[in-house]
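First comes the structure, then the notes that go with it.
Structure, rendered in structure tokens:
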């Protein structure tokens with residue numbers, strides 16, 4: 272039989288070639304009484320409870336820190352929202368949350384669109400929705416310093432008048 276031809280080759284042949292001998296156990300197994308087993312299981316349960324209590328304490332500390340941080344953020348909300356250079360669907364939920372917080376705190380909101388190099392339709396839809404809801408909420412929303420790319424994208428979708436942006 273050649274190396275490349277495996278027809279007739281028994282893939283389990285190696286098992287019959289080596290005989291595994293069973294060795295006798297040299298140490299006797301210690302007999303565990305029910306009382307010892309019960310004590311061991313109680314100790315394990317107590318240890319698990321201690322670990323869970325420590326985890327709960329750590330989680331509570333983290334939640335307290337997060338709530339303290341969010342309270343600081345609520346107090347320091349500025350009426351200016353910067354869209355950044357590339358607002359997209361990835362950052363839309365963060366942008367939406369920012370708009371909600373700013374609208375709750377201020378009556379006049381400015382949106383800085385000066386750095387925009389690209390903008391997707393989802394972000395433009397959010398801005399249109401924001402502008403439409405502003406009048407219902409008695410809020411004033413102004414898009415300041417729109418970049419040429421922002422104007423071009425809004426013009427392409429015929430949103431210049433809705434967004435109240437001039438060329």
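In the working numbering, the protein residues as written are 272 to 438.
Each residue gets a CB set at the ideal place from its N, CA and C atoms; glycine is no exception.
For clarity, every value in this text was computed on a predicted model and none was experimentally measured.
Proximal residues to residue 438 (C-beta, below 8 angstroms), its chain only, five neighbours per side dropped
The residue labelled residue 438 in the question sits at position 167 within the chain shown. Taken in chain order, the residues that qualify are 422, 426 and 431.
For residue 313 and residue 339, I'd like the C-alpha separation in whole angstroms.
By 1-based counting over the chain shown, the position of residue 313 is 42. By 1-based counting over the chain shown, the position of residue 339 is 68. Rounded to the nearest whole angstrom, the C-alpha separation of residue 313 and residue 339 is 39 angstroms.
Taking residue 416 as the reference, give the member of 320, 337, 405 and 356 with the closest Cα.
As a first step, residue 416 must be located in the chain shown, where it is residue number 145. Proximity to residue 416 across 320, 337, 405 and 356 peaks at 356, based on C-alpha coordinates.
Between which two residues does the beta strand (DSSP E) holding residue 351 run?
Translated into the one-based positions of the chain shown, residue 351 becomes position 80. For residue 351, the enclosing beta strand (DSSP E) covers residues 351 to 353.
How many Å lie between residue 365 and residue 315 at the Cα?
Start at 1 with the first residue of the chain shown, and residue 365 comes out as number 94. Start at 1 with the first residue of the chain shown, and residue 315 comes out as number 44. Their backbone Cα atoms lie some 44 angstroms apart in a straight line.
Below 9 angstroms between beta carbons: does that hold for residue 490 and residue 360?
An answer regarding residue 490 cannot be provided, because it is not within the stretch 272 to 438 covered by the chain.
Residue 411 and residue 378: beta carbons closer than 9 angstroms?
Against the chain shown, residue 411 aligns to sequence position 140. Against the chain shown, residue 378 aligns to sequence position 107. It is a contact, given that the beta carbons lie within the stated cut-off.
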